[in-house]
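In our numbering, the protein residues as written are 15 to 62. The block underneath contains the structure these notes are about, expressed in structure tokens.
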């Protein structure tokens, strides 16, 4: 399951740094941050 949670973090990072000009940048950054926080929170809970 750590791979899935790391995937959330990777997807969030990709959303933050992907240069997609069609997407709304505010929403892209917001979803990226949410995915990173969700993945990090789940990863920390797993190893604590």
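All residues carry an ideal CB built from backbone N, CA and C; glycine is no exception.
Per DSSP, reduced to three states, the secondary structure at residue 32 is coil, with no helix or strand assignment. Contact between residue 50 and residue 26 holds, with the beta-carbon distance rounding to 4 Å and staying under 8 Å. The straight-line gap separating the alpha-carbon atoms of residue 18 and residue 61 is approximately 14 Å. Beta-carbon to beta-carbon, residue 53 and residue 22 are separated by about 3 Å, close enough to satisfy the 8 Å threshold. A direct Cα-to-Cα measurement between residue 40 and residue 24 gives close to 19 Å.
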